Amino acid sequence: MAQGSCANTDPEVFFPHDGIGVAVAKLVCESCTVAAPCLEYALMNRVEHGVWGGCSERQRRRILKARRAAARNDELVAVAA
6 MAQGSCANTD PEVFFPHDGI GVAVAKLVCE SCTVAAPCLE YALMNRVEHG
56 VWGGCSERQR RRILKARRAA ARNDELVAVA A
């Protein structure tokens with residue numbers, strides 16, 4: 006993400022060891038013009054570590070879980086139709 010706000014930021018910022026570090030990384034992502042594709046990249050590639058697109062590891066796991074549930078629901082609706 007060469008156009009990202011992170012391009013001129015120390016990469017270590019995005020791999021924090023505590024909640025304060027996560028908040029700092031998210032601040033960088035807040036104004037980023039490529040946060041959405043960055044997040045999607047991390048989700049599609051199952052990136053497990055760091056802050057990507059303004060989301061922590063835990064947030065990305067929740068997003069993926071919600072997407073899987075929605076996909077299962079869509080499948081059930083299609084079968085029932």
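Residue numbers (my numbering): 6 to 86. Note that the Cβ used here is the ideal one computed from N, Cα and C, for glycine as well. Quick caveat, the model's predicted, so the values are computed rather than measured.
Let me check one thing: in DSSP terms, what residues is residue i bridge-paired to?
i	result
C60	W57
Taking the straight line between their C-alpha atoms, what separation do you get for residue i and residue j?
i	j	result
G9	R51	20 angstroms
N78	R65	20 angstroms
E62	A28	13 angstroms
Check whether the Cβ atoms of residue i and residue j sit closer than 7 angstroms, and answer yes or no.
i	j	result
T14	V39	no
C43	G55	no
V18	A7	no
Under three-state DSSP, which class holds residue i?
i	result
G24	helix
R51	coil
S36	coil
D79	helix
Considering only the alpha carbon of each residue, which of the options lies closest to residue i?
i	options	result
L48	C37, R67, S36 and E35	R67
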